[in-house]
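In my numbering, the protein residues as written are 140 to 355. A virtual CB, placed ideally from N, CA and C, is assigned to each residue, including glycine. Bear in mind that the values here come from a model prediction, so they are computed numbers and not experimental data. Written out below as structure tokens is the structure these notes cover.
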Ligand code: Z5A
């Protein structure tokens, strides 16, 4: 059986990392083979590219930004995600190609289809089975991030209109592909958010032939 790729998206501070950990715990309890990866990063090359991309003050033009994210993604897909899927694993990925379309397309003002096309080689046919979009007002997401740590990275430092454009981009993507996206109001308490995610994931797993030991 081939595995399953579930990606998590949303503005910063939406709770992706939190929800990935909760879902990974739930799947592990069910004795299902789950692995967690993140973008940009997850490989030695990807982590170096991540440092470059997030370093405050680093000058990167929008086109270069697209290719840097795509280069990190190519390495992650080829060396980590595809091999895991081939082994039948459930891969939970913290951001994927939709982030490039939302941030570099909608946020930076590049043609969204061009950003998608620029990622074709990196994806090599790999596409999420389910994408959880944690939707939150950027003001609230940034507030959460600032409560957690001092200092914002290069992308977080962009102005509010950038983050609002990113959020609109994500919503457009979800409207275009309703069968792939689960949109959840990320302003809800953690447990309520996770219930929506568990329910949808469990239904998809059953559909794909994974055996669940108990109800959500
Ligand atoms: N980026 C891009 O431009 N193009 C691309 O192709 C890709 C990425 C792949 C990666 O940074 C940056 O790169 C990112 C997009 C851009 N932009 N920025 N900046 P990152 O990986 O360091 O950051 P992130 O992906 O935005 O994650 P994050 O800031 O760590 O947020 P999160 O994972 O969504 O949230 P969290 O860590 O789970 O939660 C944040 C805080 O909120 C934490 O204290 C939680 O305890 C709290 N929290 C979580 N859920 C709740 C609820 N429900 N209520 C209250 N509080 C909550």
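- Annotated as distal: residue 302 and residue 248, with beta-carbon spacing of 9 Å or more.
- By the 16-neighbour rule on beta-carbons within 10 angstroms, residue 167 is exposed.
- Proximity of the region 207-223 to the region 277-287 falls short of the contact definition, fewer than three beta-carbon pairs being nearer than 8 Å.
- In the DSSP annotation of this structure, residue 292 is not part of any alpha helix (DSSP H), being labelled neither H nor E.
- Taking 8 Å as the cut-off, one finds no heavy atom of the ligand Z5A near enough to the beta carbon of residue 267.
- Excluding residues up to 5 positions away in sequence, 270, 272, 313 lie with their Cβ nearer than 6 Å to the Cβ of residue 320 in the same chain.
- With a cut-off of 8 Å, the C-beta of residue 153 is classified as near the ligand Z5A, since at least one heavy atom of the ligand falls inside that distance.
- If you draw a 10 Å sphere on the C-beta of residue 225, you find fewer than 16 other C-beta atoms in it, and that means exposed.
- If you draw a straight line from the Cα of residue 161 to the Cα of residue 330, it is about 9 Å long.
- Within the same chain, and ignoring the five residues on either side of residue 191 in sequence, the residues whose Cβ sits closer than 8 Å to its Cβ are 197, 199, 207.
- Distance from the CA of residue 172 to the CA of residue 201, rounded to the nearest whole angstrom, comes to 37 Å.
- When the five nearest sequence neighbours on each side are left out, the beta carbons in the same chain lying within less than 6 Å of the beta carbon of residue 180 are those of 186, 189, in order along the chain.
- Every alpha helix (DSSP H) stretch that sits fully inside the region 177-217 and reaches 4 residues is listed by chain position as 183-193, 201-215.
- Residue environment for residue 148: buried (at least 16 other C-beta atoms within 10 angstroms of its C-beta).
- Within the same chain, 273, 325 come within 6 Å of residue 154 by CB-CB distance, once the 5 residues on both sides are set aside.
- Taking the C-beta atoms as reference points, residue 150 is found no nearer than 9 Å to residue 264.
- Cβ contact annotation for residue 339 (same chain, cutoff 6 Å, sequence separation greater than five): 321, in chain order.
- Residue state for residue 270 is assigned as strand, using DSSP reduced to three classes.
- It is roughly 23 Å from the alpha-carbon of residue 315 to the alpha-carbon of residue 230.
- Pairing residue 236 with residue 215 gives a Cβ-Cβ distance that is not under 9 Å.
- A distance of 9 Å or more separates the beta carbons of residue 210 and residue 193.
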